[in-house]
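Which chain is which? The protein sequence lines are A, B, C, D and E, in order. Numbered by this note's numbering, the letters in the first sequence go through residues 1 to 231 in order. Numbered by this note's numbering, the letters in the second sequence go through residues 232 to 638 in order. Numbered by this note's numbering, the letters in the third sequence go through residues 639 to 886 in order. Numbered by this note's numbering, the letters in the fourth sequence go through residues 887 to 1424 in order. Numbered by this note's numbering, the letters in the fifth sequence go through residues 1425 to 1838 in order.
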Amino acid sequence: MLEVSNATLHYGAAQALRGVSLKAGAGKITCVLGRNGVGKTSLMRSIVGHHRLTSGSVAFEGKALDRSAAYDRARSGIAFVPQGREIFPLLTVRENLESGFAPLKRADRNIPGHVFELFPVLKQMLARRGGDLSGGQQQQLAIGRALVMRPKLLVLDEPTEGIQPSIIKDIGRAIRYLRDQADIAVLLVEQYLDFCRELADEVNIMDRGLIVHSGPAEDLDRADVRKFLTV
Amino acid sequence: ADDTIKVGILHSLSGTMAISETTLKDAMLMLIEEQNAKGGLLGKKLEAVVVDPASNWPLFAEKARELVSKDNVAAVFGCWTSVSRKSVLPVFSELDNILFYPVQYEGEESERNVFYTGAAPNQQAIPAVDYLMSEDGGSVKRWVLEGTDYVYPRTTNKILEAYLKAKGVAAEDIMVNYTPFGFSDWQTEVAAIKKFGSAGKKTAVVSTVNGDANVPFYKELGNQGIKAEDIPVMAFSVGEEELAGLDTAPLVGHLAAWNYFQSIDTPENAKFIADWHKFIKNDKRTTNDPMEAHYVGFNMWVKAVEKAGTTDPDKVIDAVVGVSVPNLTGGYSTMMPNHHITKPVLIGEIQADGQFETVSQTSGLVMGDEWSDYLADSKDLISDWRAPLSCGNFNVATGKCGGKGTN
Amino acid sequence: MPKSNTILYLDGVSVSFDGFRAINNLSLVLDKGEMRAIIGPNGAGKTTMMDIVTGKTRPDAGEVYFDGQVDLTKHDEAEIAMMGIGRKFQKPTVFESHTIEDNLMLALKGPRSIFPALFHRRSAAEARQIDDILGIIRLGDKRDELAANLSHGQKQWLEIGMLLAQDPKLLLVDEPVAGMTDAETEETARLLRDIARDHSVIVVEHDMHFVRELGVKVTCLHEGSVLSEGSLDFVSADERVVEVYLGR
Amino acid sequence: MILTRAIGLTLLLLLGMLSPSNAAEADLRAIIAKFATASNFSATEAVVRELAATGDTAVERPLGALAEGDLYVRKADSLVFIGKAAGGSVELLDPLSGEKSGDAAKSEITKIKVNNTLRRAVRDALGTLTLGAKDPAARIAAADTMFKTPDATNIEPLDAAIASETVASVKALLEQARAASVLVSDRPEADKLAAVALIGGRGDRNALSLLTAVEANSEGAVKDAATAAIANINSTLALWDAGQNIWYGISLGSVLLLAAIGLAITFGVMGVINMAHGEMVMLGAYTTFVVQEVIRNSFPGLFDWSLVIALPLAFSVAALVGLVIERGVIRFLYGRPLETLLATWGVSLILQQAVRTIFGPTNQEVGNPSWMSGSFYIGQLAVTWNRLWILVFALGVFAVLLYVMKRTPWGLQMRAVTANRRMAASMGIRTPWVDALTFALGSGIAGIAGVALSQIDNVSPNLGRGYIIDSFMVVVFGGVGNLWGTLVGAFSLGIVNKFLEPYAGAVLGKIVVLVLIILFIQKRPRGLFALKGRSVEA
Amino acid sequence: MITGRFFAAGADRRIAITIFILLAIAIIVPLLNLAVSPTSAFYVPSYVVALTGKYLCYALLALALDLVWGYCGILSLGHGAFFALGGYAMGMYLMRQIGSRGVYGNPLLPDFMVFLNYGELPWFWYGFDQFWFAAIMVLAVPGLLAFVFGWFAFRSRVTGVYLSIITQAMTYALLLAFFRNDMGFGGNNGLTDFKDILGYNVQADATRSALFAASAVTLALAVFVTWAIVGSKYGKLLMAVRDAESRTRFLGWRAENVKLFAFTVSAVMAGIAGALYVPQVGIINPGEFEPSNSIEVVVWAAVGGRGTIVGPIIGALVVNAGKSWFTGVLPAFWLFALGGLFVAVTLFLPKGIVGMWDSWRGNARALRAASITNPINGEAGTDPAVPPPPKIVRSAARTPGDWSASGPEPQPAE
Ligand SMILES: Nc1ncnc2c1ncn2[C@@H]1O[C@H](COP(=O)(O)OP(=O)(O)OP(=O)(O)O)[C@@H](O)[C@H]1O
Ligand SMILES: Nc1ncnc2c1ncn2[C@@H]1O[C@H](COP(=O)(O)OP(=O)(O)OP(=O)(O)O)[C@@H](O)[C@H]1O
Ligand SMILES: CC(C)C[C@H](N)C(=O)O
Ligand SMILES: [Mg+2]
Ligand SMILES: [Mg+2]
């Protein structure tokens, strides 16, 4: 469904991605792991269109995305939960959720029920400014907002960061539910190994701008794989 | 090049004053073109050097310096506001060149290098007030002196207040009010005028409101229904050009005092207007008093150069005094030794077509009085730039040049 | 009052925003030299509590004392920081247009007024201190890079480094390991335990492994007040904590 | 002598009203002919009086023409005509019948000059003559003039008019006019006291000015009554004055609101420090000018509609220019708000000079349609129509904008995009579109503000510069990013300003307002309606 | 000590060069004006001396603004006010020097006071007959105003556009106040008609050259002081306050004092610029308080390169020279040229002239550095698939958030 091939990215003279190739299939949860600063976020942002790749390509459902802008990618079904949440601080929680209506047809412009099932706080806080929420609540809002878009590919950059354990579990359940029910592809960046191990169908491990390992989730228990994750 | 005589034109073409000054630049270009058509001057062609001081006073000084020392102009025609004139003054006296200043001003100045072709207060304000006090003018008893808060209105009003009091007007029958530059919300002021005018005595407004603030002022007057028959407004800086931006129908009868109106019916003026329309390629453009001042000033300069046989400023300065040229109101204006000129004073009423109709005119020409007789410290001063006196502020009481002297 | 031996003393503190009670009659005492872990659901008021302690938010009611005698509600951020309370923010905030090294330099303990800063020259001791910290946070090879160019996790580390440089008496650490790998998490726990030997520390975290590794007393906040307090095992056995926080 | 003539005049007038047969037309012509020889204003005035003394309503035409400055003398034969300019020449009409009687070149005729004194004389004369006019408005006008210029000789015609008047409101006015005349007559004291009471009841400034004169010229009971009435009027007027100040403040506020509201979008919402905002206002004003020019030249009948026509055009012109600016310049500057100051400053210079080059540097004439001219009274509160409409208009624009921002998806997207452009794009919002349209909207609104402002201010290339500082002041004072703040900010600045003005004068008043703004910002560092919340304070 | 650093190895070469150039022209230009015959090719006309002297004052003003704007993020839209106040202080001195040579010959009262019927000299004019007093006022008045204004504003944490707008309100209020004739500063016409300064005729070529030299030397000194300030730890703090004010507070710094110091120093610099400017242009009037003048100063700094020391100087010189030139050769169209220049600079030189130059050079340096020390590239050496040399999309990042299309949360303004 999503195919990244040979992606490179530069920040000025510094190179953050050095020829990354990655696949994420529908109905699968694809996990990307790696230490701090190896380029996970850079890769995700390249996929959703925040950064333009220096070379290489990103294809979604067989169509090359390299020339399309972030909003076109979103309209073709890619939803993004960024690291750092990036909710709209002065919009109310409801408005934040409704901002996901843009790519939808008029008839679809409602907030799916499972959003509130997953994150009941959001329902209580609909009228509050997004920016006032606590860090974890914001993270929940960010995920909820992405779900409103009814995505085909959900890109999550460290979604569990700052979230209380019970809700992490809920998020895990939700992601699995989405994969199973709606048959969507999930691309997940995680540091939290246990979470990853539980959810992932495929894992990719990054180090210094490269994917150094990819394979099934079970690989995570191999020592040669884990070495990439230690200090 | 040596085969041309350069003439500097120092009027703002951008910024706040462009609205008034651009016309003067065009007028000068026309005059120069016509002079060239007549064969130029001293057998040479005149060449206009136009610069834009951009309504920025220090830039005026810079541009003046540029004109004189870089472009070597023989004389400069320019400035509108007094502050721009003040800022170029030192340049002209240092570099010993000539400035012709075409706008009415507050007086209290006489410089060797400057020729004042606009009105001094006695050539505008005093006759205007006289008219209002006369029977024809409505025998006004109560006065509102409405002005923009700066030197020209302040000085003029000071002179007027002294004059009115000398004529027996009581202090409570004079209301003085000032507004900032570019003022646009006149509701309160106009209401105050209305109130002041409803005391049972004939009231008039003498307006030294300047520039941009006039249009909203008159619009508000019209809307609040202040009619000229009830409370006439006499303005000193509202001319045809300003009225062009207004629907004058509700303003018919309000007054202005100038030394020239476009409506003046003389052959010189008819020709001038026709030339102007041809030059500017627009029949609707008006002429106005400062244009006439440039017309007069330019012709005086031409004549003086011919008389002196050179454009050397020193010689020309001496030659200009006494030169007499026709003005556009059917008479002759003469350059006096104080570097001010003689002018007729006209009072006009605004007409529905945006023109003025002269309702009163001084019987003869009035000589510009640079040092007002109504201000304590200046009444003893006179100016005479002819040798041997050659002094701009000769004190007749002490008999010394240089104001009071050191006593 | 037994304030005397406390480094931080909160009693009956409440704060509300537009009618929403974020902190509700909260009482919390931290002894000198103690390290405390604070957990609690999202929105429980953990960060807000830190805001109150550091002077960012003024409480509507209640007492907040530092070091047994200083009433913190009477001081502003800078004064409180000068007294020796340092803070790491939940969202890492560093000086993005300065290098890593300068970030640390500005945080280094020392006089905080204009003229000393104007005529400041770096001493050898300071240089050594910076080098040490750079070692600890493993950003030595990036010392001349602009902080803006760091990844999220690296910024977390830098902020911890700045806290170290500040060398405060009391450290408030908000979610230090968010976005760190498990290995780094362990590293951080070790570091904090080190620090806690001669400092007082409050750590907020959602990562239970990390909290466990710290091995200190835990307070669970909920809806602005203390829900449960004790050892981690005690707290995580508390039904209410499981209900609102840990989940099943 | 005057008295007898006046009585004669009244009789004539009564006769004239009774019988349709007029005083001999030849007599009138003879008097009119005297205009030709009147050498100065007072001579002309004498002729006016003489004409009026005939009491013949037929003199309305020549007198009216005289006041309008349309009365001419043919040089060749010294005959007096009404002249109507027709092309290069003048069409001559008979002064009494109004029938066409030839043409003349401008040089063949001389205009009979009028001045204010003459115009007033004509007005007074016509006032008496039109007392019996069919149109109640004319009768009201007549009563009004007679009230303002009381004369004992007016009493009798007024009595007659009162007797035959059927409209109650006109009748009341006529009675007041009569009372005014009584006060200057030698009627008994009782009559005068009644008159003072009647006039005192009017309670307005005209009454005040009349009574002041009475107070000065009479004694005894009448003087006392006048003094009391004056005190009475003064105290009610003082109250009205306060109301008047509030109204002035509101109307100044509405101007500020209009000027600022577009900026509240481009600056407040989008964060562009839009120095070209004033120029957008200017473009709107020039659009109005062009529309009026076309109407004047081609469809004079539509003049009253000119503003209605100009509104959508001004919006489109300014919005289009805004769109071009956004696509051409601003879009490269998002995230670098300070650079927008530099670029839009440049744009504003270019626009200003462009307008100066195209339209010339001088003021352009923009007229008020009739429904925006003049004023009316609510009690003693004078309300000018143009100000009232501008207030209504400003509030209307505000309401529409508020609706768009808060209730439509576009508004939501706008706010999302400006909060975080990159993330908004990832939500599927076409950010370039939203940016461009938002900027165009803000500019367009500035444009329609220009339509309104053209009604009260100069239409010149400098128009925009005059408003830009005030606009920023309003938006910032109200609180950036909050439309309500802009509304309340504009009105409070307006009202404070207008309350200070009578005491401190316009200049000092403005300085005080500025200082108050500075002090106020110390108290509320994020404006009146500060955006709140963690994200802002951080 | 500071001087020690200046000459220490690694001192910014560009600053040194700038100072050197300024000092050099301070000597050479007057020499070429006074000692060389007017017919010589090397002769510098007085006109040019006067003009460039004026530009140097503008440059000093721009530098002063950049200290607060570029380095501390305080966008002051009222710096013209400090400039004008310094100018007025100097103008008052020059006015008093006229003595009884005024048109009315009043030994005590300046002319405008005479014809506006002032009975006596207003109290605030006392002392200005002494140069030292005027000189102190040149520093004290703008400094004090900035201090008081800043003290209130920074303590109340007025930031961003709010601060910008109240600085604008300040200069606007001063503009209106100085326009008022009753203020005793000559109203709209201002102070003019100066005769001499320290006993020398202001119009003499020698005086003019001396003023030029003084301006150049002062500017050099200001460059040095600014450089010393921004290079110090305080300077780093200043930038830290610019980027994350509240963070500095949590480190124990008093952000308001940090800003206040810079603001006051900057105002004093602006005041000095004004004081040097007035005798060279021969007039000071309220027009200098015009808000648009202050905005122009911002524009100069932006054109030259905000947040650099040389940038604002270059910006002021380029824009003003452009203005002088355009207003002469293209009087009717120069605004198009100038406006176009501003737009072009923002679009094509986003960091100003100097900033862009730096980027080019910085880029080259960064590229070189990257190939040696960058861990990614360093590792790459061991990798068989060595990536091709990076294609440079844009120049090296010197400011945060520069790479992404926009920062995550654009503020209305800094
Ligand atoms: N805007 C930027 N400019 C320059 N360099 C950057 C920028 N953003 C990130 N980098 C650098 O690129 C590398 C990869 O960063 P990235 O954010 O992709 O890491 P990450 O794997 O997401 O790390 P983390 O787990 O800490 O979030 C890091 O070395 C970082 O320093
Ligand atoms: N300035 C504010 N305005 C409005 N509400 C606020 C504000 N600050 C905090 N709150 C509310 O107070 C509550 C407590 O927030 P706080 O950030 O302290 O939670 P937290 O315990 O740190 O949560 P997390 O673990 O998610 O970081 C939240 O519900 C938040 O919405
Ligand atoms: C009255 C104005 C039009 C000109 C006047 N000379 C001035 O002081 O600016
Ligand atoms: Mg990351
Ligand atoms: Mg928190």
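Beta carbons: idealized from backbone N, C-alpha and C, even for Gly.
For L1125 of chain D, is the classification buried or exposed, using 16 other Cβ atoms within 10 angstroms of its Cβ as the cut-off for buried? exposed
What residues in the stretch 1331-1352 of chain D have a beta carbon less than 8 Å from any beta carbon of chain B? Q1341, I1342, D1343, N1344, V1345, S1346, P1347, N1348, R1351 and G1352
Please indicate yes or no: does the CB of Y192 of chain A lie closer than 8 Å to some heavy atom of ligand 1? no
Chain D partners of V186 of chain A, CB-CB under 7 Å? By Cβ distance, chain D contributes nothing, its closest Cβ being about 16 Å from V186 of chain A, past 7 Å.
Within the continuous alpha helix (DSSP H) that includes R222 of chain A, where are the two ends? R222 of chain A -> no alpha helix (DSSP H), and no H or E assigned at all.
Separation of G1567 of chain E from R1520 of chain E, as counted between CA atoms: 23 Å
Per DSSP, cross-strand counterpart(s) of F60 of chain A: A:L2 and A:K63
Below-9 Å beta-carbon distance, K1396 of chain D vs any chain B residue: yes
Excluding the 5 residues flanking A991 of chain D on each side, which residues of the same chain have their C-beta closer than 6 Å to its C-beta? S975
For the beta strand (DSSP E) holding K339 of chain B, just list the boundary residues, first then last. Residue identity check: residue 339 of chain B is Glu in the sequence provided, not Lys. From DSSP, E339 of chain B is part of no beta strand (DSSP E); its letter is neither H nor E.
Reduced DSSP category for S642 of chain C - H, G, I as helix; E, B as strand; rest coil: coil
Please identify the residue among D:K1409, D:D1343 and D:A1416 whose C-alpha is closest to the C-alpha of V1361 of chain D. D:A1416
Cross-strand partners of M465 of chain B (DSSP beta bridge): B:V437 and B:L486
Bounding residues of the beta strand (DSSP E) (the contiguous stretch that carries E994 of chain D): No beta strand (DSSP E) contains E994 of chain D, which DSSP labels as neither H nor E.
Just to be sure I understand the criterion: a residue counts if its Cβ is closer than 5 Å to at least one heavy atom of ligand 3. Which residues meet that? B:T312, B:S313, B:V334, B:Y336, B:Y383 and B:S468
Note down, in chain order, every chain D residue with its Cβ under 8 Å from the Cβ of Y409 of chain B. G1391, A1392 and V1393
With 9 Å as the threshold, decide whether the Cβ of F1589 of chain E is near any Cβ in chain D. At residue 1589 of chain E the sequence reads Ile, which differs from the Phe that was named. True, the Cβ-Cβ gap to chain D drops below 9 Å.
When you compare each of C:Q794, C:M743 and C:F757 to D770 of chain C by their alpha carbons, which one comes out closest? C:M743
Would you say L1125 of chain D lies against chain F (beta-carbon separation less than 9 Å)? You won't find chain F in this structure, because its protein chains are A, B, C, D and E.
Which of helix, strand or coil does DSSP assign to S1524 of chain E? helix
When you compare only the Cα positions, how much space is there between A1027 of chain D and D416 of chain B? 29 Å
Spatial distance of S621 of chain B from R343 of chain B (CA atoms): 8 Å
With 8 Å as the limit, tell me which residues of the stretch 1080-1096 of chain D have their beta carbon closer than that to any beta carbon of chain B; keep them in chain order. R1091, N1092, L1094, S1095 and L1096
Could you check how far apart the C-beta atoms of G1380 of chain D and G1135 of chain D are, in whole angstroms? I think they sit under 8 Å. 5 Å
What ranges does the beta strand (DSSP E) occupy inside the stretch 1069-1106 of chain D, keeping only unbroken runs of at least 3 residues that lie completely in it? none
Apply the 10 Å Cβ neighbour rule to F85 of chain A and answer buried if 16 or more other Cβ atoms are within range, or exposed otherwise. Sequence inspection shows Arg at residue 85 of chain A; the Phe mentioned does not correspond to that position. Flag for R85 of chain A reads buried.
Determine the contact status of V1538 of chain E and D514 of chain B, defining contact as a CB-CB distance below 9 Å. no
Residues that S789 of chain C contacts on chain A, provided the C-beta gap is smaller than 7 Å: N36, G37 and T41
Beta-carbon contacts of V1000 of chain D that lie in its chain and below 7 Å, excluding the five residues immediately before and after: L952, A953 and G955
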